[in-house]
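A quick write-up on the structure given underneath.
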Amino acid sequence: MQDVKELRVWQKGIGLCKAVYLSTDSFPKAELYGLAGQMRRSAVAIPSNIAEGRGRGSRRDYRQFVIIARGSACELETQTIIARELGFLSEADADELLREVRDIARMLNGLAAALAKADRDAGEVAPRELA
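Residues 120 to 250 (my numbering) make up the sequence shown, in order.
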């Protein structure tokens, strides 16, 4: 398997972290440990879980952590919508974050599917697919 830093989805996850940190910098200070903090944690969890899974050494573990990263992407999508609705993010800034997080979620879906297929092809039992 390739080094995690060579994975496009991991690279995009790092870029998303930067964008989320910059976007949440303008949130009200009262939100530093509220919505801003939650968004930052969700964003950081995406590439972090990809890296942890890759470092575990088995495709099955890797896939499970990719699924966890996808869950973090879904959390961030919802949190971004909430931030937009509360007026903490402009429509344009929210739309850009949402495009990025949805693109990453699609990439994670593809990676999880590829890992599951590799397990099936190797005769290993993969964790149950999450919808």
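Where is the CB? At the ideal position from N, CA and C, for every residue including glycine. Bear in mind that the values here come from a model prediction, so they are computed numbers and not experimental data.
Rounded separation between L135 and S177 - CA only: For this step, residue 135 is matched to residue 16 along the sequence shown. For this step, residue 177 is matched to residue 58 along the sequence shown. Near 26 Å, if we compare the C-alpha coordinates of S177 and L135.
task: Assuming I186 and I223 form a contact by the criterion Cβ under 8 Å, report the distance between their Cβ atoms to the nearest whole angstrom.
output: Numbered from 1 along the sequence shown, position 67 holds the residue referred to as residue 186. Numbered from 1 along the sequence shown, position 104 holds the residue referred to as residue 223. About 13 Å separates the two Cβ atoms, so there is no contact after all.
message: With a threshold of 8 Å on Cβ separation, who are the neighbours of A213 within its own chain once the five nearest residues in sequence on each side are excluded?
response: Within the sequence shown, numbered from 1, the residue matching residue 213 stands at position 94. Closer than 8 Å at the Cβ level, and outside the excluded window around A213, lie T199, I200, A202 and R203.
query: Grouping DSSP H, G and I as helix and E and B as strand, with all else coil, what is F207?
result: Locating residue 207 in the sequence shown gives position 88, counting from the first residue. Coil.
message: Can you give me the C-alpha to C-alpha distance between W114 and R182, rounded to a whole angstrom?
response: The structure shown does not extend to residue 114, since the chain is modelled only from 120 to 250, so the question has no answer here.
message: Going by DSSP in three states, D238 sits in which element: helix, strand or coil?
response: Working through the sequence shown from its first residue, we reach residue 238 at position 119. Here D238 sits in helix by DSSP.
task: Determine the DSSP secondary structure at Y152, reduced to helix, strand or coil.
output: Against the sequence shown, residue 152 aligns to sequence position 33. In the structure shown, Y152 sits in coil (DSSP, three-state: anything other than H, G, I, E or B).
- prompt: Thinking C-beta only, is L208 closer than 8 Å to S161?
  reply: Here residue 161 is taken as the residue at index 42 of the sequence shown, counted from 1. Here residue 208 is taken as the residue at index 89 of the sequence shown, counted from 1. No, Cβ-Cβ distance for S161 and L208 is not below 8 Å.
- prompt: Can you give the Cα-Cα distance for A233 and K148, rounded to whole angstroms?
  reply: Taking the sequence shown and counting its residues from 1, the one referred to as residue 233 is at position 114. Taking the sequence shown and counting its residues from 1, the one referred to as residue 148 is at position 29. Whole-angstrom Cα-Cα distance: 42 Å.
message: Tell me the DSSP secondary structure of D144 in three-state form.
response: Start at 1 with the first residue of the sequence shown, and residue 144 comes out as number 25. The answer is coil: DSSP assigns D144 none of H, G, I, E or B.
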